[in-house]
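Notes to accompany the following structure.
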Amino acid sequence: MKLALIGSAVDPAIGGVLVFGDRGTGKSTAVRAFAALLPPMRAVIGCRYACDPALPDVWCEDCRARTQNSPLKSRLVPVPVVDMPLGVTEDRVVGALDLERALSQGIKAFEPGLLARANRGFLYIDEVNLLEDHLVDLLIDVAASGENLVEREGLSVRHPARFVLIGSGNPEEGELRPQLLDRFGLSVEVRTPTELDQRVEVIKRRDEFERNNAAFVAKWKKQDDALRRRIVAGRLRLAGMEVPDAVLESAARLCMQLGTDGLRAELTLIRAARALASFEQAAAVAVTHLRRVAAPALRHRLRRDPLDESGSTVRVEKAVQEAFGP
Ligand SMILES: [Zn+2]
Numbered sequence: 086m087k088l089a090l091i092g093s094a095v096d097p098a099i100g101g102v103l104v105f106g107d108r109g110t111g112k113s114t115a116v117r118a119f120a121a122l123l124p125p126m127r128a129v130i131g132c133r134y135a136c137d138p139a140l141p142d143v144w145c146e147d148c149r150a151r152t153q154n155s156p157l158k159s160r161l162v163p164v165p166v167v168d169m170p171l172g173v174t175e176d177r178v179v180g181a182l183d184l185e186r187a188l189s190q191g192i193k194a195f196e197p198g199l200l201a202r203a204n205r206g207f208l209y210i211d212e213v214n215l216l217e218d219h220l221v222d223l224l225i226d227v228a229a230s231g232e233n234l235v236e237r238e239g240l241s242v243r244h245p246a247r248f249v250l251i252g253s254g255n256p257e258e259g260e261l262r263p264q265l266l267d268r269f270g271l272s273v274e275v276r277t278p279t280e281l282d283q284r285v286e287v288i289k290r291r292d293e294f295e296r297n298n299a300a301f302v303a304k305w306k307k308q309d310d311a312l313r314r315r316i317v318a319g320r321l322r323l324a325g326m327e328v329p330d331a332v333l334e335s336a337a338r339l340c341m342q343l344g345t346d347g348l349r350a351e352l353t354l355i356r357a358a359r360a361l362a363s364f365e366q367a368a369a370v371a372v373t374h375l376r377r378v379a380a381p382a383l384r385h386r387l388r389r390d391p392l393d394e395s396g397s398t399v400r401v402e403k404a405v406q407e408a409f410g411p
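Residue numbers for the sequence shown follow my numbering, so the first one is 86 and each next one is one higher.
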């Protein structure tokens with residue numbers, strides 16, 4: 086899960102992360118801790134979508150209009166990680182007519198929703214498998230296009246909404262439709278630890294955190310800062326990171342062996358491997374990077390095989406060994 090989140094921070098184009106697993110294994114905790122770990126971003130002051138002053142091509146209409154009078158001022162702000170509550174209405178997600186202003190002043194104004202707040206950051210949906218399918222569809226579409234188009238109640242608003250979708254859930258409470266599954270970039274399984282030492286360590290840290298939050302944060306600050314610097318360095322490395330043809334061939338061979346539909350699997354596999362290689366400051370993407378991201382990039386794209394009842398992660402690992410050797 087950590088590898089998948091870091092990969093998405095280095096290259097948001099990987100397409101989001103799905104985290105499935107047992108309750109109480111720290112899925113939400115990891116996402117929230119991750120938010121605090123991200124480097125701050127520069128945003129236009131007063132913009133409801135936190136536009137990036139350096140990217141005028143993707144500015145919202147407000148910023149475009151305002152820049153004609155005077156240059157835009159900006160400041161550093163934390164990367165938004167927006168929680169999507171279960172049972173949320175579509176209006177609150179996409180935004181809607183500001184009813185109060187419409188009634189009191191007769192002005193048709195747009196009240197931005199969660200998608201606006203999530204722009205340039207992360208949108209986190211706990212229990213994504215319990216969310217209505219049409220909402221999940223909508224979120225994936227907006228995340229892929231980077232733009233939210235609202236047309237209702239006589240309003241027509243278009244605003245930037247580039248974000249990484251992170252969904253978590255417990256498969257025992259319901260599955261996600263296969264059509265939705267494969268639209269997430271990465272998918273990871275989180276299981277209850279079965280080793281004694283590991284369980285003790287988790288309990289220790291959790292207890293320490295609860296008893297003295299500030300001291301715990303201070304104790305880990307050095308590691309957090311180091312990780313943040315590596316993410317920033319990985320982003321800078323990404324643009325120049327080469328993927329040799331031999332690695333592309335290996336990725337395609339692996340996907341053929343697993344019989345994944347379409348080419349989304351290869352594309353995600355390559356993107357994830359490139360993000361990992363960049364994060365680790367490698368000279369170029371190698372098969373070792375492919376191997377390490379193969380399970381999260383491919384396990385949710387397999388067709389059910391009635392002759393093979395082993396889990397999808399096991400199937401991917403088997404195919405990796407057949408393709409690349411032990
Ligand atoms: Zn703006």
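Beta carbons: idealized from backbone N, C-alpha and C, even for Gly.
Could you tell me how far apart the beta carbons of residue i and residue j are, in whole angstroms, since I believe they sit closer than 8 Å?
{"i": "Asp267", "j": "Arg356", "result": "Asp267 to Arg356, Cβ: 15 Å. No contact."}
{"i": "Ala318", "j": "Gly92", "result": "14 Å between Cβ atoms; not a contact."}
{"i": "Arg243", "j": "Glu232", "result": "6 Å"}
{"i": "Phe248", "j": "Asn204", "result": "6 Å"}
{"i": "Val143", "j": "Pro245", "result": "5 Å"}
{"i": "Val221", "j": "Leu171", "result": "Incorrect: roughly 12 Å between the Cβ atoms, too far for contact."}
{"i": "Arg151", "j": "Ala201", "result": "The Cβ separation is near 17 Å, so there is no contact."}
{"i": "Thr353", "j": "Ile99", "result": "6 Å"}
{"i": "Ala416", "j": "Glu351", "result": "No answer is possible for residue 416: the residues shown for the chain start at 86 and end at 411."}
{"i": "Val401", "j": "Ala367", "result": "The pair is not a contact, with the Cβ atoms about 22 Å apart (cut-off 8 Å)."}
{"i": "Arg384", "j": "Ser253", "result": "Not really, about 16 Å apart at Cβ, beyond 8 Å."}
{"i": "Val275", "j": "Thr110", "result": "5 Å"}
{"i": "Leu312", "j": "Leu122", "result": "6 Å"}
{"i": "Ala128", "j": "Ala139", "result": "The pair is not a contact, with the Cβ atoms about 10 Å apart (cut-off 8 Å)."}
Can you give the Cα-Cα distance for residue i and residue j, rounded to whole angstroms?
{"i": "Gly344", "j": "Val178", "result": "36 Å"}
{"i": "Leu250", "j": "Met341", "result": "27 Å"}
{"i": "Gly270", "j": "Lys158", "result": "35 Å"}
{"i": "Gly101", "j": "Asn297", "result": "33 Å"}
{"i": "Gly239", "j": "Lys193", "result": "8 Å"}
{"i": "Phe364", "j": "Ala324", "result": "12 Å"}
{"i": "Met169", "j": "Phe207", "result": "10 Å"}
{"i": "Asn255", "j": "Thr114", "result": "15 Å"}
{"i": "Arg315", "j": "Pro97", "result": "16 Å"}
{"i": "Asp330", "j": "Ile288", "result": "46 Å"}
{"i": "Gln308", "j": "Val302", "result": "10 Å"}
{"i": "Lys306", "j": "Phe294", "result": "13 Å"}
{"i": "Met81", "j": "Asp137", "result": "Because the chain in this structure spans residues 86 to 411, residue 81 falls outside the shown range and cannot be described."}
{"i": "Arg149", "j": "Phe195", "result": "17 Å"}
{"i": "Glu146", "j": "Gln406", "result": "51 Å"}
{"i": "Leu88", "j": "Val332", "result": "20 Å"}
{"i": "Pro278", "j": "Pro141", "result": "47 Å"}
{"i": "Leu216", "j": "Asn154", "result": "44 Å"}
{"i": "Glu280", "j": "Arg320", "result": "35 Å"}
{"i": "Phe409", "j": "Thr373", "result": "9 Å"}
{"i": "Gly106", "j": "Lys112", "result": "8 Å"}
{"i": "Gln190", "j": "Leu199", "result": "24 Å"}
{"i": "Ala94", "j": "Arg322", "result": "13 Å"}
{"i": "Leu184", "j": "Val173", "result": "18 Å"}
{"i": "Met86", "j": "Val116", "result": "9 Å"}
{"i": "Arg237", "j": "Ala228", "result": "20 Å"}
{"i": "Leu300", "j": "Arg160", "result": "What sits at residue 300 in the sequence shown is Ala, not Leu. In a straight line, the C-alpha of Ala300 is about 29 Å away from that of Arg160."}
{"i": "Leu375", "j": "Ala358", "result": "5 Å"}
{"i": "Glu286", "j": "Lys304", "result": "15 Å"}
{"i": "Asp226", "j": "Pro197", "result": "18 Å"}
{"i": "Leu339", "j": "Lys403", "result": "10 Å"}
Which of the three DSSP states is assigned to residue i in this structure?
{"i": "Met341", "result": "helix"}
{"i": "Leu352", "result": "helix"}
{"i": "Leu250", "result": "strand"}
{"i": "Arg160", "result": "strand"}
{"i": "Val104", "result": "strand"}
{"i": "Ile210", "result": "strand"}
{"i": "Ala367", "result": "coil"}
{"i": "Pro165", "result": "coil"}
{"i": "Leu171", "result": "coil"}
{"i": "Glu257", "result": "helix"}
{"i": "Asn297", "result": "coil"}
{"i": "Leu271", "result": "strand"}
{"i": "Pro245", "result": "strand"}
{"i": "Ala128", "result": "strand"}
{"i": "Glu238", "result": "coil"}
{"i": "Ala139", "result": "coil"}
{"i": "Leu383", "result": "helix"}
{"i": "Leu184", "result": "helix"}
Any beta-carbon of chain B closer than 8 Å to the one on residue i?
{"i": "Ala229", "result": "Here there is only one protein chain, and chain B is not present."}
Indicate, with yes or no, if ligand 3 has a heavy atom lying under 7 Å from the CB of residue i.
{"i": "Ala121", "result": "Of the ligands this structure carries, namely ligand 1, none is ligand 3."}
Taking a cut-off of 6 Å, which residues have a beta-carbon closer than that to any heavy atom of ligand 1, in chain order? Close to ligand 1, as judged by a C-beta nearer than 6 Å to any of its heavy atoms, are the residues Val129, Cys132, Tyr134, Cys136, Trp144, Cys145, Asp147 and Cys148, in chain order.
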